[in-house]
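Trainee: This is the structure I want to talk about, given as structure tokens.
Numbering (our numbering), first residue to last: 11 to 200.
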């Protein structure tokens, strides 16, 4: 797929977060130290914040979402059965860069190298379940931040997905609900 000219930034500095929130830089350091906003440190001990965590923080505390965070289209990986993939990709491609995977193991390997912003998974994916893939993503340092949406059919699937770390669950037949859920998770405005 052809990418946008404006590629979204994936990492932000403490100074940028301070500007978004209109607070002092020291306030951001205090919030990070208290665990209010997930972060990591560079080898030089500088704070860095991932885009999804910044969006979560801004929404949680009622800050407006800056245009800088909305630039580009978020990348969404689809790992669902072949019948659903085409319909979902068509429903999502206007707002997201969609990456389709047929093999769940290949998807995990690729996502470990180039994590998407979100992943949409079927409940059953051959020899692996969507819940197992979510759990694997949440264990990985480089993929822990990826938002996972399970296409859940029953209450047991939904509960297991949430316990594994899924951000949301929707019915496979609800393409509008899936698009809205992903938009909300990525901080996109309608």
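All residues carry an ideal CB built from backbone N, CA and C; glycine is no exception.
Taking residue 93 as part of the alpha helix (DSSP H), name the residues at either end of that continuous run.
Mentor: Position 83 of the chain shown, counted from the start, is the residue given in the question as residue 93. Note, residue 93: alpha helix (DSSP H), 92-102.
Trainee: Might you give, ordered along the chain, the residues of its own chain that have their beta carbon closer than 7 Å to the beta carbon of residue 25, omitting 5 neighbours on each side?
Mentor: One-based indexing of the chain shown puts residue 25 at position 15. Correct list, in chain order: 35.
Trainee: With a Cβ-Cβ cutoff of 8 Å, do residue 133 and residue 87 count as a contact?
Mentor: For the purposes of this step, residue 133 is taken as residue 123 along the chain shown, with counting starting at 1. For the purposes of this step, residue 87 is taken as residue 77 along the chain shown, with counting starting at 1. It is not a contact, given that the beta carbons lie outside the stated cut-off.
Trainee: I need the DSSP call for residue 50, collapsed to helix, strand or coil.
Mentor: Counted from its first residue, the chain shown places residue 50 at position 40. DSSP places residue 50 in strand when its eight states are reduced to three.
Trainee: From the DSSP output, which residues share a beta bridge with residue 23?
Mentor: As a working note, residue 23 is residue 13 in the chain shown. Its beta-bridge partners are 58.
Trainee: Taking one C-beta from the segment 166-181 and one from the segment 134-144 each time, how about it: are there three or more such pairs within less than 8 Å?
Mentor: Yes, they touch.
Trainee: Report buried or exposed for residue 107, applying the criterion of at least 16 other Cβ atoms within 10 angstroms of its Cβ.
Mentor: Your numbering for residue 107 matches position 97 in the chain shown. Counting Cβ neighbours within 10 Å, residue 107 comes out buried, since at least 16 surround it.
Trainee: Could you please give the first and the last residue of the uninterrupted alpha helix (DSSP H) stretch that includes residue 171?
Mentor: Counting from 1 along the chain shown, the entry for residue 171 is found at position 161. Taken as a continuous stretch (DSSP letters only), the alpha helix (DSSP H) holding residue 171 covers 165-174.
Trainee: With H, G and I counted as helix, E and B as strand and the rest as coil, what does DSSP make of residue 189?
Mentor: Counting from one through the chain shown, the residue named residue 189 turns up at place 179. Three-state result, residue 189: helix.
Trainee: Is there contact here, the segment 190-198 with the segment 120-131, by at least three beta-carbon pairs under 8 Å?
Mentor: Flag = yes, the segment 190-198 and the segment 120-131 touch.
Trainee: Hey, how far is the Cα of residue 105 from the Cα of residue 30?
Mentor: Counted from its first residue, the chain shown places residue 105 at position 95. Counted from its first residue, the chain shown places residue 30 at position 20. Spanning the two alpha carbons is a distance of roughly 24 Å.
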